[in-house]
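*Asks:* Residue numbers (full-length UniProt numbering): 1 to 129.
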């Protein structure tokens, strides 16, 4: 959703927070009436499988290079990641806080701060700022 298509005064953070509230309200809901309630009832593995499917579709859309499909598939992926976060009791604001913490760090510095090996990275990761 572009800044201009979002209702006035609606930040991306507000949209994520509102969506998280809706997802939380579906917890324990009727799986016959709610897609999200059905995912929750099927458990973590079903949610993770759906994320894998959506990630694959996002990659395929990006390979095709059609902006509308990339946006649509990324929205599906993010939505299912939000379902996963809710399943684990994690608010999306925590992810935003982590991204803010990493802002301004080089990829290598950020990985080192987490104790991740920073040996030779794939070419696409080299020079990541």
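Glycine included, every Cβ here is placed at the ideal spot set by N, Cα and C.
(1) Between the alpha carbons of residue 102 and residue 45, how many angstroms are there, rounded?
(2) Under the rule that 16 or more other beta-carbon atoms within 10 Å means buried, what is residue 75, buried or exposed?
(3) Comparing alpha-carbon positions, which option in 20, 22, 47 and 73 lies nearest residue 57?
(4) According to DSSP, is residue 103 part of a helix, a strand, or is it coil?
(5) Measure the alpha-carbon distance for residue 94 versus residue 33 and round it to whole angstroms.
(6) With a 10 Å radius around its C-beta and 16 neighbouring C-beta atoms as the bar for buried, classify residue 90 as buried or exposed.
(7) Give the DSSP-derived three-state secondary structure of residue 64 in the structure shown.
(8) Among 43, 99, 11 and 84, which residue has its Cα nearest to the Cα of residue 23?
(9) Would DSSP call residue 37 helix, strand or coil?
(10) If you follow the alpha helix (DSSP H) that residue 22 is in, where does it begin and where does it stop?
(11) Excluding sequence positions up to five away, which residues of its chain have a Cβ less than 7 angstroms from the Cβ of residue 69?
*Replies:* Quick look at the numbers:
(1) 29 angstroms
(2) exposed
(3) 73
(4) coil
(5) 29 angstroms
(6) exposed
(7) helix
(8) 84
(9) helix
(10) 12-26
(11) 61
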